[in-house]
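Chains as they are written, first to last, in full-length UniProt numbering: chain A, 1 to 217; chain B, 1 to 217.
Beta carbons are placed, not taken as given, at the ideal position from N, Cα and C, and that holds for glycine.
Accompanying notes for the structure given below.
Number of protein chains: 2
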Amino acid sequence: MKIAIIGGNGKASSKIYEEAIKRGHEATAIVRNAEKAQAVLGEDAELLVKDGFALTKEDLTRFDVIVDAFGVPMGSPLAYLHMDLAAKLIHDLRDTDTRLLVIVGAASLNMPDGKPLIDQLLQAPGHEDWIGVPLNQSHELAILQMVDNVDWVAISPQRNFTPGIDTGYIMGSNDVMFDADGKSELTTGNMALAVLDELESPENHQERFTVRNADTE
Amino acid sequence: MKIAIIGGNGKASSKIYEEAIKRGHEATAIVRNAEKAQAVLGEDAELLVKDGFALTKEDLTRFDVIVDAFGVPMGSPLAYLHMDLAAKLIHDLRDTDTRLLVIVGAASLNMPDGKPLIDQLLQAPGHEDWIGVPLNQSHELAILQMVDNVDWVAISPQRNFTPGIDTGYIMGSNDVMFDADGKSELTTGNMALAVLDELESPENHQERFTVRNADTE
């Protein structure tokens with residue numbers, strides 16, 4: 001499968017790139033800085049060096065799937081680029097055969113009280129300093145949900161989304177998930193497993209799913 | 001004021017263009033077809049001939065205001081362009097001094113039962129044939145409401161939005177409005193008055209307002 005990963009040298013996306021290569025797919029990392037990408041993905045990594053907003057419909061539709069793993073750091077004043085890039089990709093992929101998988105963060109997942117986590121985050125003291133990323137990731141999902149002519153799928157990690165290896169995962173839909181110890185956790189390695197499994201055997205169309213780390217013994 | 005009107009030769013936008021010229025503003029119609037535009041707006045109309053999605057940040061920010069009056073006909077399979085273009089304009093106008101006024105249709109207004117008109121339209125038999133435009137206009141408003149670093153304003157007409165002259169209007173906020181005869185009506189002429197009044201004396205920032213025809217004697 002021809003898989004392009006936007007933001008391919010980030011913490012989650014580099015794992016997705018590696019997992020895709022491991023499984024024999026033609027993976028391409030779409031990045032702005034070739035040197036940084038090669039430092040993370042290797043000298044011989046397949047790169048498309050271009051700003052996400054400069055990608056054309058032709059750039060995008062030569063892939064079977066676009067994985068939108070674009071992200072800005074927590075607290076960045078550019079958090080709105082999350083929603084803007086999702087909207088741009090949606091526009092280019094309307095009525096095409098290229099699938100769109102978007103990593104949308106955990107803040108749009110529902111808490112046990114039935115309300116989305118973002119509502120709780122918006123009540124936190126000092127949230128103004130860091131709310132941009134989770135808020136705009138929630139907007140990304142809301143925008144995807146307006147779209148019926150792109151084969152999109154969104155995936156949320158858990159509240160704790162940490163660098164780590166693949167140990168297996170459990171799938172959910174729209175709720176924050178907790179392990180046997182009451183923790184809501186996902187490693188980047190398990191995210192990569194879940195993304196590649198979904199791409200190889202699509203189960204979710206025009207909906208969001210989530211995964212957590214499988215329980216250990 | 002330098003005012004650009006996207007979709008400048010439509011039924012509402014041509015009235016806005018004419019009203020802007022009448023009041024002495026530098027109005028530019030952004031259109032794809034110069035001949036069609038000149039047939040509606042006159043041989044000497046100021047045009048920027050370009051597809052909306054091809055507009056650059058530089059094209060847009062040389063105006064004080066962008067009026068997004070883009071529209072596709074009811075029933076068009078391209079209704080999604082309403083939301084895609086709004087998202088594109090938002091992206092280009094982030095953190096700039098150019099204001100964005102978007103005509104978002106009436107379907108997002110609340111009915112007397114407190115629910116948006118779009119909910120009622122989605123229940124109508126055969127709505128699949130024509131729901132695209134009102135649905136995507138509602139999406140446009142929802143997307144604008146996610147944006148806090150563009151000076152945007154949205155305006156909704158009434159359920160009956162008809163070609164007609166300027167006779168005066170009454171302003172509302174988020175509810176469908178009814179005149180003394182129980183009709184929810186706005187003429188394109190009154191829309192143009194309301195748009196130019198708002199641009200000359202801004203009253204609504206990052207919110208939507210609506211207008212109806214003033215009652216006649």
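Open item on the list: Three or more C-beta pairs under 8 angstroms: does that hold for the segment 147-154 of chain B against the segment 74-93 of chain B?
Closed with: yes
- [ ] Enumerate in chain order the residues of its own chain whose CB-to-CB distance from residue 170 (chain B) is below 6 angstroms, with the five nearest sequence positions on each side excluded.
- [x] On the second sequence, position 170 is the one that residue 170 (chain B) refers to. The residues are 212, 214.
Open item on the list: With a threshold of 8 angstroms between beta-carbons, can residue 267 (chain A) be considered close to chain B, or not?
Closed with: In this structure chain A extends from 1 to 217, so residue 267 (chain A) is not present and cannot be described.
Open item on the list: For chain A, check one thing: does any of its Cβ atoms lie closer than 8 angstroms to the Cβ of residue 118 (chain B)?
Closed with: Looking up residue 118 (chain B) in the second sequence gives position 118. No, its Cβ sits nowhere closer than 8 angstroms to a Cβ of chain A.
Task: Proximity below 8 angstroms, CB of residue 123 (chain A) to CB of residue 111 (chain A) - done: One-based indexing of the first sequence puts residue 123 (chain A) at position 123. One-based indexing of the first sequence puts residue 111 (chain A) at position 111. Cβ distance not < 8 angstroms, so residue 123 (chain A) and residue 111 (chain A) don't count as in contact.
Task: Rounded distance between the beta-carbons of residue 155 (chain B) and residue 101 (chain B), thought under 8 angstroms - done: In the second sequence, residue 101 (chain B) corresponds to position 101, counting from 1. In the second sequence, residue 155 (chain B) corresponds to position 155, counting from 1. Their Cβ separation, rounded to whole angstroms, is 7 angstroms, which keeps residue 101 (chain B) and residue 155 (chain B) in contact under 8 angstroms.
Task: Range of the contiguous alpha helix (DSSP H) that encloses residue 83 (chain B) - done: Within the second sequence, the letter at position 83 stands for residue 83 (chain B). It spans 81-93 - the alpha helix (DSSP H) in which residue 83 (chain B) sits, taken as one unbroken run.
Task: Under 7 angstroms by beta carbon: chain B residues contacting residue 143 (chain A) - done: As a first step, residue 143 (chain A) is located in the first sequence; it is residue number 143 there, counting from the start. Within 7 angstroms Cβ-Cβ: 143.
Task: Where residue 107 (chain B) sits in the DSSP three-state scheme - done: As a working note, residue 107 (chain B) is residue 107 in the second sequence. In the structure shown, residue 107 (chain B) sits in coil (DSSP, three-state: anything other than H, G, I, E or B).
Task: Completely contained beta strand (DSSP E) runs for the segment 105-176 of chain A, where each covers 3 or more residues - done: Counting only runs of 3 or more, we get 152-156, 160-162, 169-172.
Open item on the list: Going by the DSSP bridge assignment, what does residue 2 (chain B) pair with across the sheet?
Closed with: Walking along the second sequence from the start, residue 2 (chain B) turns up at place 2. B:26.
TODO: List the endpoints of the continuous beta strand (DSSP E) containing residue 207 (chain A).
DONE: In the first sequence, the residue the question calls residue 207 (chain A) occupies position 207. Counting along the chain, the beta strand (DSSP E) containing residue 207 (chain A) begins and ends at 207-213.
TODO: Could you name the residues of chain B that residue 127 (chain A) contacts, counting a contact when the two beta carbons are closer than 8 angstroms?
DONE: Walking along the first sequence from the start, residue 127 (chain A) turns up at place 127. Neighbours of residue 127 (chain A) on chain B: none; closest Cβ ~14 angstroms, over 8 angstroms.
- [ ] Output the distance between the C-alpha atoms of residue 17 (chain B) and residue 32 (chain A), rounded to the nearest integer angstrom.
- [x] Position 17 of the second sequence, counting from 1, holds the residue named residue 17 (chain B). Position 32 of the first sequence, counting from 1, holds the residue named residue 32 (chain A). Roughly 41 angstroms between the two C-alpha positions.
- [ ] On a CA-only basis, which of B:51, B:82, B:46, B:103 is nearest residue 207 (chain B)? Give me that one, please.
- [x] Here residue 207 (chain B) refers to the residue found at position 207 when the second sequence is read from its first residue. Measuring C-alpha to C-alpha distances from residue 207 (chain B) to each of B:51, B:82, B:46, B:103 identifies B:103 as the nearest.
Open item on the list: By the three-class DSSP mapping on this structure, what secondary structure does residue 181 (chain B) have?
Closed with: Position 181 of the second sequence, counting from 1, holds the residue named residue 181 (chain B). Three-state DSSP puts residue 181 (chain B) in coil, outside helix and strand.
Open item on the list: Using only the alpha-carbon positions, how far apart do residue 189 (chain A) and residue 168 (chain A) sit?
Closed with: The residue labelled residue 189 (chain A) in the question sits at position 189 within the first sequence. The residue labelled residue 168 (chain A) in the question sits at position 168 within the first sequence. So the two alpha carbons sit approximately 9 angstroms from each other.
Open item on the list: Is there a C-beta anywhere in chain A that falls below 8 angstroms from the one on residue 74 (chain B)?
Closed with: Stepping through the second sequence from its first residue, residue 74 (chain B) is reached at position 74. At a cut-off of 8 angstroms between beta carbons, residue 74 (chain B) makes no contact with chain A.
Task: Rounded Cβ spacing between residue 83 (chain A) and residue 146 (chain B) (contact assumed at less than 8 angstroms) - done: Residue numbering aside, residue 83 (chain A) sits at position 83 when the first sequence is read from its first letter. Residue numbering aside, residue 146 (chain B) sits at position 146 when the second sequence is read from its first letter. Rounded, the Cβ-Cβ distance is 6 angstroms, consistent with contact.
Task: Status (buried if at least 16 other CB within 10 Å, exposed otherwise) for residue 3 (chain B) - done: By 1-based counting over the second sequence, the position of residue 3 (chain B) is 3. That one is buried.
- [ ] Check each candidate in B:8, B:204, B:54 and name the one with the smallest Cα separation from residue 72 (chain B).
- [x] As a first step, residue 72 (chain B) is located in the second sequence; it is residue number 72 there, counting from the start. It is B:8.
Task: Closer than 7 angstroms at the beta carbon, the chain A residues around residue 139 (chain B) - done: Walking along the second sequence from the start, residue 139 (chain B) turns up at place 139. Result: 146.
- [ ] Alpha carbon to alpha carbon, how far is residue 89 (chain A) from residue 203 (chain A)? Give it in angstroms, no decimals.
- [x] Translated into positions along the first sequence, residue 203 (chain A) becomes position 203. Translated into positions along the first sequence, residue 89 (chain A) becomes position 89. Residue 203 (chain A) and residue 89 (chain A): Cα-Cα distance of roughly 21 angstroms.
TODO: Please check if any C-beta of chain A sits within less than 8 angstroms of the C-beta of residue 94 (chain B).
DONE: For the purposes of this step, residue 94 (chain B) is taken as the residue at position 94 of the second sequence. Answer yes: the Cβ-Cβ gap between residue 94 (chain B) and chain A drops below 8 angstroms somewhere.
Task: Where residue 49 (chain A) falls, given that 16 or more other Cβ within 10 Å makes a residue buried - done: On the first sequence, position 49 is the one that residue 49 (chain A) refers to. When all chains shown are included, residue 49 (chain A) counts as exposed.
Task: Start-to-end residues for the beta strand (DSSP E) that takes in residue 67 (chain B) - done: Your numbering for residue 67 (chain B) matches position 67 in the second sequence. Per DSSP, residue 67 (chain B) belongs to the beta strand (DSSP E) from 65-68.
- [ ] Going by CA-CA distance only, name the one from B:98, B:177, B:143, B:209 that's closest to residue 63 (chain B).
- [x] Locating residue 63 (chain B) in the second sequence gives position 63, where the first residue counts as 1. Taking only the C-alpha atoms, the option nearest residue 63 (chain B) is B:98.
TODO: State yes or no: is the beta carbon of residue 87 (chain B) nearer than 8 angstroms to at least one beta carbon in chain D?
DONE: This model lacks chain D altogether, as its protein chains are A and B.
Open item on the list: For residue 59 (chain A), would you say it is in contact with chain B, using Cβ-to-Cβ distances shorter than 8 angstroms as the test?
Closed with: Looking up residue 59 (chain A) in the first sequence gives position 59. Not an interface residue.
- [ ] Return the CA-CA distance between residue 140 (chain B) and residue 158 (chain B), expressed in angstroms with no decimal places.
- [x] Translated into positions along the second sequence, residue 140 (chain B) becomes position 140. Translated into positions along the second sequence, residue 158 (chain B) becomes position 158. The straight-line gap from Cα to Cα measures roughly 17 angstroms.
Open item on the list: Rounding to the nearest angstrom, what Cα-Cα distance links residue 114 (chain B) and residue 106 (chain B) in this structure?
Closed with: Counting from 1 along the second sequence, the entry for residue 114 (chain B) is found at position 114. Counting from 1 along the second sequence, the entry for residue 106 (chain B) is found at position 106. Taking the straight line joining both Cα atoms gives about 14 angstroms.
TODO: Would you give the residue range spanned by the beta strand (DSSP E) that residue 49 (chain B) belongs to?
DONE: Along the second sequence, read from residue 1 onward, the residue named residue 49 (chain B) stands at position 49. Note, residue 49 (chain B): beta strand (DSSP E), 47-49.
Open item on the list: Quick check on the burial criterion: 16 or more other C-beta atoms within 10 angstroms. Buried or exposed for residue 77 (chain B)?
Closed with: For the purposes of this step, residue 77 (chain B) is taken as the residue at position 77 of the second sequence. That one is exposed.
TODO: Taking C-beta pairs closer than 8 angstroms, name the residues in chain B that residue 84 (chain A) reaches, listed in chain order.
DONE: Within the first sequence, residue 84 (chain A) is the residue found at index 84, counting from 1. Those are 87, 90, 91, 94, listed as they occur along chain B.
Open item on the list: So residue 69 (chain A) and residue 138 (chain A) are supposed to be a Cβ contact under 8 angstroms. How far apart are they, rounded?
Closed with: The residue labelled residue 69 (chain A) in the question sits at position 69 within the first sequence. The residue labelled residue 138 (chain A) in the question sits at position 138 within the first sequence. Not confirmed; about 17 angstroms, so no contact.
Open item on the list: By DSSP's criteria, residue 187 (chain A) is part of a beta bridge. Which residues make up the other side?
Closed with: As a first step, residue 187 (chain A) must be located in the first sequence, where it is residue number 187. Beta-bridge pairing links residue 187 (chain A) to A:162.
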